[in-house]
Structures are given as C-alpha cells and as structure tokens.
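S.K.:
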Amino acid sequence: MSNVVIETRQLTKEFVRGESKVVALKDANITIEKGEFVALMGPSGSGKSTLLHLIAAMDRATGGEIRVLGEDLRKLSDGDIARWRNAHVGFVFQSFNLIPVLSAWENVELPLKLTKLGKAARLDHAKKALELVGLGDRLDHTPRQLSGGQEQRVAIARAIVTDPDLILADEPTGNLDANSARDALDLLGRLNREFGKTIVMVTHDPHAAKSASKVRYLEKGELLPIGQKPEDW
Amino acid sequence: MLKHLPLIFKNTLRNKRRSILTILSIAASLCLLGFLLAIYNMFYFEGSSAEQALRLIVRNRVSLANPLARSYQGRIAQVPGVVETTIFQWFGGVYKDARDPDNFFGRFAVEPEKFLRVYPDYRVPPDQYKAFTDERSACIVGRKLAKRHDFKLGQRVTLVGDIFPVTLTLTIRGIYDSERDNENMVFHYDYLNESLTGGLKDTVSTFILRMASADDATRIAQTVDAMFRNSPLQTKTETERAFELSFLAFLGNVKAFLFSICAAITFTVLLVSGNTMAMTVRERVKEVGILKTLGFTNGKILSILLGESVLISFLGGVVGLALTVLLCTWLRTMPSTMADMSRLATPPWVLSTSLAIALVIGLVSSFFPALSASRRPIIEAMRVTD
Ligand SMILES: Nc1ncnc2c1ncn2[C@@H]1O[C@H](COP(=O)(O)OP(=O)(O)OP(=O)(O)O)[C@@H](O)[C@H]1O
Ligand SMILES: [Mg+2]
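Heads up: the sequence lines are chains A and B, in that order. The numbering of the first sequence is the working numbering, which starts it at 1 and goes up by one. The numbering of the second sequence is the working numbering, which starts it at 234 and goes up by one.
(1) So, using beta-carbon positions, are S438 of chain B and L297 of chain B closer together than 8 Å?
(2) Could you check whether the segment 325-344 of chain B touches the segment 457-476 of chain B, counting it as contact only if at least three pairs of C-beta atoms, one from each stretch, sit closer than 8 Å?
(3) Taking C-alpha atoms, which residue in A:K34, A:P225, A:E219 lies nearest to D232 of chain A?
(4) Taking a Cβ distance cut-off of 7 Å, strictly less, list which residues of the segment 499-524 of chain B are near chain A, in chain order.
(5) Below 7 Å between beta carbons is the criterion; list the residues of the segment 33-59 of chain A that meet it against any residue of chain B, in chain order.
(6) With 16 as the cutoff for other CB atoms within 10 Å, does Q228 of chain A come out buried or exposed?
(7) Say whether chain A places a C-beta atom closer than 8 Å to the C-beta of K488 of chain B.
(8) Taking only the alpha-carbon atoms, compute the straight-line gap between K48 of chain A and V202 of chain A and give it to the nearest angstrom.
(9) Give me the subset of the segment 101-118 of chain A whose CB atoms are less than 8 Å from a CB atom of chain B, sorted by chain position.
(10) Please report the residue range of the alpha helix (DSSP H) in which F547 of chain B lies.
(11) Restricting to Cα atoms, I'd like to know which of B:E416, B:G550, B:W563, B:R616 is closest to A589 of chain B.
(12) Measure how close the beta-carbons of E416 of chain B and F338 of chain B come, nearest whole angstrom, since I'm counting them as under 8 Å.
(13) Cutting at 7 Å between CB atoms, please list the residues of its own chain near R9 of chain A, excluding the five before and the five after it.
(14) Is it buried or exposed, V316 of chain B, if we count other Cβ atoms within 10 angstroms and call 16 or more buried?
(15) For a contact meaning CB atoms closer than 8 Å, what does R609 of chain B contact in chain A?
(16) Under 8 Å by Cβ, that's how I've got G90 of chain A and I6 of chain A pegged, so tell me the actual separation to the nearest angstrom.
(17) Three-state secondary structure (DSSP) at T62 of chain A?
(18) Starting from N417 of chain B and walking both ways along the beta strand (DSSP E), at which residues does that stretch end?
(19) In whole angstroms, what is the alpha-carbon distance linking T292 of chain A and H204 of chain A?
(20) Using a threshold of 7 Å, is the CB atom of F15 of chain A nearer than that to any non-hydrogen atom of ligand 1?
(21) Check whether chain B comes within 8 Å of D24 of chain A, counting only Cβ atoms and requiring the distance to be less than that.
(22) Please confirm if I199 of chain A has its CB atom under 8 Å from at least one CB of chain B.
(23) Can you tell me whether R292 of chain B is buried or exposed? The criterion is at least 16 other CB atoms within 10 Å of its CB, across all chains shown.
(24) What first and last residue would you give for the beta strand (DSSP E) that runs through M574 of chain B?
(25) Indicate whether the contact test is met: 3 or more Cβ pairs, each with one atom in the segment 31-41 of chain A and one in the segment 207-226 of chain A, closer than 8 Å.
(26) Quick one: using the 10 Å Cβ neighbour count with 16 as the cut-off for buried, is V295 of chain B buried or exposed?
(27) Considering only DSSP beta bridges, list what T430 of chain B is partnered with.
(28) Go ahead and label D463 of chain B buried or exposed: buried means 16 or more other beta carbons lie within 10 angstroms of its beta carbon, across all protein chains shown.
(29) Any heavy atom of ligand 2 inside 7 Å of the beta-carbon of K220 of chain A?
(30) When you compare each of A:P225, A:G70, A:R85, A:E151 to L2 of chain A by their alpha carbons, which one comes out closest?
(31) Mind listing which residues have their beta carbon within less than 5 Å of any non-hydrogen atom of ligand 1? Chain order is fine.
(32) In the DSSP assignment, find the alpha helix (DSSP H) that holds G375 of chain B and state where it starts and stops.
(33) Is the shortest distance between the beta-carbon of T255 of chain B and the beta-carbons of chain A less than 8 Å?
(34) What is the rounded straight-line gap between the Cα of Q145 of chain A and the Cα of P100 of chain A?
(35) Any heavy atom of ligand 2 closer than 7 Å to the Cβ of V202 of chain A?
(36) Could you tell me which whole alpha helix (DSSP H) segments of length 4 or greater appear in the segment 133-192 of chain A?
Encoded structure:
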C-alpha cells in the first residue's frame, strides 16, 4: 500500500435546499500522506467542515472522487462505512460531544463496543487511552464533572481508543481556554509524532495551525493551491 | 445488544421524573389490563373441574325468578344416566343488618343427603353430617363464612325471608370444606317448605342433577327439556358451568365488553408512551449523530432507542402486574357477594399476555420516532443544538 492516506479528485459537495443551491466544496484535490498533520484553515463558510465530513464519510460527495485509507468511499454501503469509520477513523468535535449519562471511562469504551473485544479488554483499552491523555484519575467522572479541557481530552481518548489510522478534528480548540487548547494541541502533536497518526485538523487559530506540519487554506468552497492563502488573511 | 444495556439503562435514568411517570402510567394501565384478563380467565377458562362437569342445573325456561314444580324431580330422576338429583332453592332473605355486605351470603334450601351426594366435594365430618341430616332446622355453613362471622357449632341463626314470607331459625350443625366456595349456608328444603302456604309451597327454583358421565350432558339436558316441552312450566337444563356463565350474560356480551376495554387501555397507553418516546427520541438526535460518528450503524441505533422504550414499558408492565397479582390475591379473600372471586387467579397466560402487550406497546410506541431518528444523516443530526 502506498503512503497516501487521503486522496480526492475534483471532490464537490452541493447542498440543495428547495430552489437554492450552495456549493460548499468545489473540485477539491488534496493528497495527504501517512504521518502528516494537516491543518485546514479559511474563513467561516469556506467549506472546511464539509471537506472533513467527506473525508470521514459522514456525508457523501455530490461529485468527484475520494479515497481514504485505500477505500473508495463512494462504493461503500452505509453499514460498511459505519464499520469502516469505527475501525479506522477517530473524530474530535469542537463541542466535545460526550454522552452525558456515561462516565469518562464508559464514553471512551463506547467505540470498542462495536468490536469483538470482551468487557475486560474494552475497559483496559479505555483506561490506557485515558491515561495517555492524562486523565487516568478521572475514569468515573461524568462529563459534567469535568472541565472543558478535560472533556476534550476524553473526546480525544475516545477518538484514539480503537487505534485508528486517521484522526480528524474540527476546531478541537474552539471551545477551550488558552491553556486547555495548548494541552489538546500538544496531545494531537504527540499522537502524530509518537504514534504516527495521520491528522487532519480544521482550525481558525493560527497558533493551533503551528502544531501542524502543513496548512491548507480554503476559500468560498475552493481548496487553494499549496502555499496560497485567501486574500486579506 | 446486551453490551448496550448500560447505555440504555442510564438513558432511562436521565430524565428520572419522566421515566417514572411513564412507568407508572404504563403500570396503572397494565394493572387494569391484567385484572381484566384475570376476570376473563376466571369466566371462561378457570374451567369446570371434573366434578363440576358432572352436574346439570334445571330451571324455568323463562327466568330464574319463575319457579318449577317440585313434582318435576321424580321425572328428572328417571332419565337414564342421572345418578342423583337435589332441590336447590335460593332462599335470599336477610341476616342481621342487610346494609353490611358481609351479611349477604348464599343461603340454599336443599335435600341434605341428596345434596351432599350431588356435591361430594362438600366435605362434612361424619358426626356433623349426622347432626345436620337428622335435625329439620339444622344447617351447615362453609369454612370461610364460619370464620368471617365466627359461627360456632350449635349457634342459632335467624334469617328473615324476603322472597318467602317466613322467618327461619336455623341451628348450625356442621362446617363444610370444598374446593369452590366456602361461603354458603345450606339447610333443609322441607323445613322451608312446611312453613310455606299458597302458591310458593312445593315450588323449586332449580334442581341440580348429577350424571354418571359428563359425556351424557347434552343428551340428558335435551331429554329433560323435551320432557317438559308441553308443560305450562318449561325447563332449561344446562351444565353448572354454563349456568354460571349465563349470569354474566345478564351483563351483556361480557367477552366483547372486556375485549373492548382492554383494547381501549392498550390504545391509550400506546398514545401516552408514544408521545413520551417521541419526546425522548427528539432529545437524543444529537446523540444519534455522535454514536454514528463512532461507527454505530442505523440498525444498532434503532435497537438502542427501541431498547430504552421497551425497558420502560417492561418495568411498567412488571410493576402493573405485581399490582394485579396483589389485587387478585386480596379479592380472593373478600366475601363473594357479587360473584365467586375465589377463582380469580393470575395464571401464567394472563401474566405473559399482559407482559407481551407491555413489550409490544414499548416497541410500537417508539418504533417510528426511533426509526426516523436512526436514519437521520449524521451531519444533520449533529447540527441539532441542545
Ligand atoms: N447541511 C447543509 N445544508 C445547506 N448548506 C450547508 C450545509 N452544511 C454546510 N452548508 C453550507 O456550506 C458552506 C460550507 O460550510 P462549512 O460548514 O463547510 O463551512 P466551514 O468552513 O466549516 O465554516 P465554519 O468555520 O463557520 O465552521 C456554507 O455556506 C454552509 O452554509
Ligand atoms: Mg466548520
């Protein structure tokens, strides 16, 4: 297998709502290799999240081609996509999105429930993931008993617990104070360097983008060529 | 599915008050439903014992209020297959204060020896049997009745007649045990009859006959009724079981009645819990998005959402049926003034049917909201703000 993890050709996403049509992403071509840490930046509404969602197969493109981890996402059924995502992709949201009724431990365990692992192994993996993000002492806390920064670290633990090849993060520091944001970014950086995870992160924060090995910009649905920024950026 | 039970369980606890209210409303309805099924069971299934199947009851074709002539007994006894016959005369009357329902119990004038041969399941100790049959004004009472009124052997009981213009003073000479009721008082028909004058003398409301074989029931009933077809007082002969059920027929079509109440209850709970489930599922839309992001398939999510609803209705069902069982147990100990409640039971089929209905309610009420939530595209589900 080549080193290419993500490859898109003329990738396009249109949203049609009644009469109006929004082209959220137009003819995007991007290639991301294994072990890269790519930041996606651009003004609001430029299509960053849309691109990330297409890579995670959380949404389907309306045009073009997309291969992620060797799979042609357009050819997979919904069920196959769900299983594929469970096995290969970890997703981190801006607003953490933990399940409020579950403890940190149970939240992190959740993706493992779709695997063949037994209960003991699941809990063990979840614990290790939480230890990795520095929350080994907060296993039984519910999201409400955690700070925003801790919640996001739990979310990162949940994203990595299945040992995915690809981690996708949509403004992971958007809801965090400066210190927590730094912690989260350090964590992603470590996952990239020490564990070789390929990471694509959407961010508004130029600071955050510095953690990445590469920055790509979007503007009005177009992915700008490497090295090019939007005007007045 | 089992792996997801903790999540299902914790989700149920999330909005405790709503879950509890839903569980209680399902419980109340299921209690009622279970109770109606228990009544249905008592009426239609708690069937004739082998003993009961051997007995036929003969009464006036027009109604129970119209009597038969005593002289019919001799001819009925002649019918082949009939082993024994007894007069079985409802006395009615008032014992002490009629306003206390406890004082209302069955009093029957019978022919003691014959009666106890027709009803061998009424067991009386030999000495008490002798005392009862020997003395014209003697009576026996059921164990339960004796307990309720603290009746003692040798005690005198006065019944003031209403149908019959007589006052009877009876002496308790025996206490019987039987499988069925234990709440009747039976005494000598002759004692009643000799104090009567005019039209009421030598009339009988019902005869009970005992057959050699239950297989002969139809033939004997037809023979008896044919015998009196051309008499001024025509008869209607039926099994004891059918006779009991015909009382219910007074209430109209009991089966259809019970069924329609059950259906109405089920439908109402369905609406109530359907509404709650729609609300619950709406709150879970974002979570559905999260679970999908983690790789949960539509099917898994559907089963988790359904599981939550089924868990709630299952709990409601269990609580409701526990109440039903308690209610039936309590009613069994009550005096059977209106009907014989001693057979009001909750056999497995009643419990399992009720529980199945509870589970179906859980499934059906949440199916459509859950299905549409589970099919929500991730992006759309995630956009929902909480
Ligand atoms: N489900 C949708 N239906 C209709 N239009 C949509 C939908 N999702 C996104 N869009 C539109 O597509 C365009 C790109 O949206 P997207 O969310 O990718 O932007 P973004 O770069 O992530 O912006 P932000 O920085 O504000 O998160 C926007 O114009 C948006 O309004
Ligand atoms: Mg976005």
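C-beta: ideal position from N, C-alpha, C; glycine also.
M.R.: This is what the structure gives:
(1) yes
(2) no
(3) A:E219
(4) E520, I523
(5) H53, M58, D59
(6) exposed
(7) no
(8) 6 Å
(9) V101, L102, E106, L110, P111, K113, L114
(10) 531-565
(11) B:G550
(12) 5 Å
(13) N29, G64, E65
(14) exposed
(15) Within 8 Å Cβ-Cβ: nothing; R609 of chain B doesn't reach chain A, min ~12 Å.
(16) Between I6 of chain A and G90 of chain A the Cβ distance is about 14 Å, and since that is not below 8 Å, they are no contact.
(17) coil
(18) 417-421
(19) Outside the modelled stretch of chain A, which goes from 1 to 233, sits residue 292 of chain A, for which no answer is possible.
(20) yes
(21) Here residue 24 of chain A is Ala; the residue named in the question, Asp, does not match the sequence. Cβ-Cβ to chain B under 8 Å: no for A24 of chain A.
(22) no
(23) buried
(24) That residue, M574 of chain B, is in no beta strand (DSSP E); it is neither H nor E in DSSP.
(25) yes
(26) exposed
(27) T430 of chain B pairs with nothing; no bridge assigned.
(28) For clarity, residue 463 of chain B is Asn in the given sequence; the question names Asp instead. N463 of chain B comes out exposed.
(29) no
(30) For clarity, residue 2 of chain A is Ser in the given sequence; the question names Leu instead. Of A:P225, A:G70, A:R85, A:E151, the residue nearest in Cα terms is A:G70.
(31) A:F15, A:V22, A:A24, A:S44, A:G45, A:S46, A:G47, A:K48, A:S49, A:T50
(32) No alpha helix (DSSP H) holds G375 of chain B; the beta strand (DSSP E) holding it covers 371-375.
(33) no
(34) 10 Å
(35) yes
(36) 148-160
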